[in-house]
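When we follow our numbering, the leftmost residue of the sequence shown carries the number -6, and every step to the right adds one.
Beta carbons are placed, not taken as given, at the ideal position from N, Cα and C, and that holds for glycine.
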Amino acid sequence: MFDIQEELKKLPAKPGVYLMHNSKDEIIYVGKAIKLCNRVRQYFQDSRNLSVKIQHMVKNVAYFEYIITDSELEALVLENNLIKEHHPKYNTKLKDDKGYPYIKVTINEEFPRIMLARKMKADGSKYFGPYTSAGAVNDTIELLRKIFKIRTCNRRLPKDTGKDRPCLYYQIKQCNAPCQGYISKEDYAKQIDETLRFLNGNYKQVAKMLQEKMQKASDELEFEQAMEYRDLLKSIERIMDRQKINTYAFEDRDIIAMAEDDKDVVVSIFFIRKGKLLGREHFHMEADEESSKEEVLGAFVKQFYAGTPYLPGEIFLEHDIAEKEIIEEWLSKKRGAKVHFKIPVRGQKHKMVEMAKENAQNVLRMDREKIKREEKRTIGAVHEIEELLGIKGLNRMEAFDISNISGFQTVASMVVFEKGKARRRDYRKFRLRTIEGPDDYASMQEVLTRRFLHGKKELEELKEQGKDTELGSFTKFPDILMMDGGKGQVNVALRVLDELKLDIPVCGMVKDDNHRTRGLYYNNEEIMFPPNSEAFLLVTRIQDEAHRFAIEYHRSLRAKGQVHSVLDDIKGVGPKRRKELMKYFKDISQIKTAEIEELLNVPGMNQSTAQAIYEFFHVSK
């Protein structure tokens, strides 16, 4: 048992990182400290004036651990890495933590390649980005390959030189075939240098080179070649045209500003390279009303620059950030040259910051409108269904469907919607064990019985073990059951629930003669939807999703054909034991009805496996 008060006494007076864990062993908060003993103890002092968020976090702390570092700077770097890795619940962090694409140039190879990369690694390559659009990255890579004829293959050069024929890119004149020795290492290196200059924003030199080549081809009456150069030149010009901002200085700098409302925070960042705006990105942050602007913007700066390969010398901010000095020191070491944070208050630089802020506000406004539309489509639709049925609190909906072909390999699906959204991690699929032939009612009875018996059993076991009941795979019961069908399927569900002493509302999703959703069957009457209502659209989505999930499972089983047997789903039954079972009983139906004593007569059978086979085919009886 972890005694928090005793462990607090053991904390060292050294810099480091601390990790707070809950009872499920999840990391819920990561922080850094100059002195671990002082910082961590503050959370557990009653006299300490903690924010509501931190108070709630402390209530959930089961134990903590810490890592000692040599300096506050090391602690900062480690803290940032741990937040990115574990996504703690109570840390302010980027909402959208997807891997933005980079352009990677493998300069560590003798004949470098250019490619898209999702993560930046310490592999000796040069990375450019991150970019929000993988499509734009691929377009840029394709353009560079056409201009500089960079190889695309994965051949190990020069080791594999001449081992195979040149590829298609050589035939279409988009590669100089270093794999055949058709270009020297020195000449290829010049092409890579030009590529790197282009990626750093030096477009004019490339455009000038293409212009000269186009003119030369035209003078030599090579009009087809001239047209190719013209098309490449147009592509370059399109990229140059995007650079709408020019500054008088030619420094590299990033410009960061944010916009916020009661719920959301959006941070915009502009990338200025050689005095030109090369691109802009926006990011959503998780924050709360108790987090200051300085804390939110500081958290963004740490997380963003931990993952970007290039650091400018100047970073313009809308306002000051928390821990500015230590972050400056960290970024300066990372860059190998000084990095300065500046807060412009007037002039052109201030206008740039204001423009970044305006962009953030615009994104926030559009997102707010999008959220409203989504809420109408999801939560709004749920409220409409509640009004139609006269039921409140329909947070979790479970829908079931049966799929078979003339009774062959009958399967069932369970799909879950919470607050009007599909919760795919809670989807479940069932393979029918006891039903022979096409009997949808009996199939549904087996599926519902298994689903709720399993859930009740899991609940009892977790309560006995003193564990969180949400850890089970079937422990969350629905607020309403939605059956694919009318009166018949509803009555089956009600009968199962009555036998198991469960009080859950049941409705049927009724379809018309054209197999389209028509209404809901509830309390012995059919309730029609208002035309074009969100409730109608939601029920249609639920019904279609249950059908799709069942069909996909059925098709996967059919695809396996004779290779898969129902016996393969029983614990303890492998290929050898399955063969012995079929050899002894001759038919699967005989195995289904066999008693444990009879199963034990099969060569190589043991008590536990015989019990598992028997329970597998008799669980729902």
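What span of residues does the beta strand (DSSP E) with residue 422 cover, start to end?
Unbroken beta strand (DSSP E) run through residue 422: 421 to 424.
Determine the closest residue to residue -1 out of 58, 352, 227, 214, with distance taken between C-alpha atoms.
Comparing Cα positions, the closest option is 58.
Do you know offhand how far residue 392's Cα is from residue 406's?
A straight-line Cα-Cα distance of about 8 angstroms links residue 392 and residue 406.
Cβ pair residue 425, residue 404 closer than 8 angstroms
Against a cut-off of 8 angstroms, the Cβ pair of residue 404 and residue 425 comes out as a contact.
Can you list, in chain order, the residues of its chain whose CB lies under 6 angstroms from that of residue 468, leaving out five sequence neighbours each side?
In the same chain as residue 468, and ignoring 5 residues on each side of it, the C-beta atoms closer than 6 angstroms to its own belong to 448, 451, 452, 462, in chain order.
Spatial distance of residue 189 from residue 307 (CA atoms):
When only Cα atoms are considered, residue 189 and residue 307 end up about 22 angstroms apart.
Does residue 18 pass the burial test, meaning 16 or more other C-beta atoms within 10 Å, or should it be called exposed?
Answer is exposed; the Cβ neighbour count stays below 16.
Sheet register partners of residue 477 (DSSP bridge):
When DSSP reads this structure, residue 477 sits in a beta bridge with 502.
Between residue 590 and residue 601, what straight-line distance do the alpha-carbon atoms span, to the nearest angstrom?
Approximately 12 angstroms between the Cα atoms of the pair.
Proximal residues to residue 387 (C-beta, below 7 angstroms), its chain only, five neighbours per side dropped
If we look at residue 387 and ignore the five residues flanking it on each side, its Cβ neighbours are 375, 378, 379, 472, 473.
Thinking C-beta only, is residue 51 closer than 8 angstroms to residue 1?
In this structure, residue 1 sits away from residue 51, with a CB-CB distance that is not shorter than 8 angstroms.
Can you have a look at residue 556 and say buried or exposed, based on whether 16 or more other CB atoms are within 10 angstroms of its CB?
Only weak support exists for where residue 556 lies, its pLDDT of 42 falling under 50; the value from the coordinates is given anyway. Residue 556 is exposed by the Cβ-count criterion.
So the candidates are 539, 489, 169; which of them puts its Cα closest to the Cα of residue 477?
Shortest Cα-Cα distance from residue 477 to any of 539, 489, 169 involves 539.
Span of the alpha helix (DSSP H) around residue 261
From DSSP, residue 261 is part of no alpha helix (DSSP H) but of the beta strand (DSSP E) over 258 to 266.
Quick check on residue 472: does DSSP put it in helix, strand or coil?
The answer is coil: DSSP assigns residue 472 none of H, G, I, E or B.
Flag residue 363 as yes when its Cβ comes closer than 7 angstroms to any non-hydrogen atom of the ligand GTP, and as no otherwise.
The model depicted lacks the ligand GTP and carries no ligand whatsoever.
Going by CA-CA distance only, name the one from 517, 525, 498, 499 that's closest to residue 511.
Looking at the Cα atoms, 525 is the closest of the given residues.
Residue 587 (DSSP reduced to helix, strand or coil):
Here residue 587 sits in coil by DSSP.
Considering only the alpha carbon of each residue, which of 284, 285, 260 lies closest to residue 273?
In terms of Cα proximity to residue 273, the closest of 284, 285, 260 is 260.
Taking its Cβ as the centre, do 16 or more other Cβ atoms sit within 10 Å of residue 521, making it buried, or is it exposed?
Burial state of residue 521 is exposed, judged by a 10 Å Cβ sphere holding fewer than 16 other Cβ atoms.
CB residue 394 to CB residue 543, shorter than 8 angstroms?
Contact flag set, yes.
From this set, 320, 102, 200, 153, which residue's C-alpha is nearest residue 136's C-alpha?
Closest by alpha carbon: 200.
DSSP state of residue 119 mapped onto helix, strand, coil
Residue state for residue 119 is assigned as strand, using DSSP reduced to three classes.
My output table needs one value for residue 598: the three-state DSSP class, helix, strand or coil.
Residue 598 falls in the coil class under three-state DSSP.
Under 8 angstroms, with one C-beta from each stretch per pair, do the segment 346 to 358 and the segment 315 to 324 reach the 3-pair mark?
No: fewer than three Cβ pairs fall under 8 angstroms.
Beta-carbon within less than 7 angstroms of residue 22's beta-carbon, same chain only, minus the 5 sequence neighbours each way: which residues are those?
Close CB contacts of residue 22 within its chain, under the 7 angstroms cut and outside five residues either way in sequence, are with 13, 50, 81, 83, 84 (chain order).
Count the C-beta pairs between the segment 138 to 146 and the segment 167 to 185 that are closer than 8 angstroms, then say yes if the count reaches three, no if not.
With the cut-off at 8 angstroms, the segment 138 to 146 and the segment 167 to 185 touch.
Within 10 angstroms of the Cβ of residue 436, are there 16 or more other Cβ atoms? Answer buried if so, exposed if not.
Classification for residue 436: buried.
Taking residue 442 and residue 489 to be in contact with their CB atoms under 8 angstroms, please state how far apart those CB atoms are, rounded to whole angstroms.
Indeed they touch by this definition, with Cβ atoms about 6 angstroms apart.
Measuring alpha carbon to alpha carbon, tell me which of 167, 419, 570 ends up nearest residue 593.
It is 570 whose Cα lies nearest to the Cα of residue 593.
Can you check which of these residues, 507, 432, 483, 219, is closest to residue 516 by C-alpha distance?
Minimum Cα distance to residue 516 is reached at 483.
Taking just the CA atoms, how far does residue 411 sit from residue 420?
Spanning the two alpha carbons is a distance of roughly 12 angstroms.
Which one of 530, 217, 30 has the shortest CA to CA distance from residue 502?
Of the listed residues, the one whose Cα sits closest to residue 502 is 530.
What are the uninterrupted segments assigned as beta strand (DSSP E) that are 3 or more residues long and contained completely in the segment 299 to 350, given in chain order?
Entirely contained in the segment 299 to 350, the beta strand (DSSP E) runs reaching 3 residues are, in chain order, 307 to 310, 333 to 335.
Can you pull the DSSP bridge partners for residue 389?
Paired residue(s): 411.
When the Cα atoms are used, what is the spatial distance from residue 613 to residue 580?
In this prediction, residue 613 has a pLDDT of 45, which is less than 50 and means its spatial position is unreliable; what the coordinates show is noted afterwards. Each residue's alpha carbon lies about 21 angstroms from the other.
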